[in-house]
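To start, the structure itself, in structure tokens.
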Amino acid sequence: MSTVKLTVNGKAVAVDVEDRTLLVQLLRDTLNLTGTHVGCDTSQCGACIVHVDGKAVKSCTMLAGQADGANVTTIEGIAKGDELHPMQAAFRDNHGLQCGYCTPGMIMSAIDIVQRHGGQLDEATVRHELEGNICRCTGYHNIVRAVLDAAGRMKVSQAAE
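In terms of full-length UniProt numbering, the sequence shown has 117 at position 117, counting the first letter as 1, and numbering is strictly consecutive.
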């Protein structure tokens, strides 16, 4: 057992976990943050993506101990109260989801994509960047539209801050 200290969605957390505990298990099973999904157990689908120190990470491939001291943001931590994050709002407005299982990981990946590429996003770039996220329901068209829409919204949101 090891004590892992990290900040999750802005709150300091200290948890005793077995050394083999994955970050996704810590988030879901210990902290009850069930928006982070496990879709494949092989790091193929992207349903488990969270941000660790501001970067998208597949939490099913990271040991909880590796996140010791890190700042972790999950899908539950991106909205501001009742106000959706611009990416969440864009997914809603562009119908970028169907069953919703992949949606939290898609959104977390998409935020990372926009933060890395800024205004230099086009459809081809978004499609390429989302290759590590599997959606079994959609044809990705509305997801891509949502990401491009949110990129503009995120610029406006950042300018207002």
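Even for Gly, the Cβ is constructed at its ideal location relative to N, Cα and C.
CA nearest to the CA of L22, picked from K11, A14 and D41: D41
Residue from H117, T36 and G81 with nearest C-alpha to H128: H117
As assigned by DSSP and simplified to three states, the class of L97: coil
Integer Cβ distance of I134 from C102, believed to fall under 8 Å: 6 Å
Beta-ladder partner(s) of V72, from DSSP: V8 and V52
Check whether L148 and L130 have beta carbons under 8 Å apart: no
Reference V52; option with closest CA among G100, R92, Y140 and T73: T73
Other residues of its chain near L97: CB distance less than 7 Å, five sequence neighbours each side excluded: F91 and T103
Cβ of S2 within 8 Å of any chain C Cβ: Although the question refers to chain C, the structure presented lacks it and comprises just one protein chain.
Alpha carbon of S43 to alpha carbon of P86, nearest angstrom: 26 Å
Whole-number beta carbon distance between K55 and D112, since they are thought to touch under 8 Å: 7 Å
Euclidean distance between Cα positions of residue 235 and L26: Because the chain spans 1 through 161 in this model, residue 235 falls outside it and cannot be assessed.
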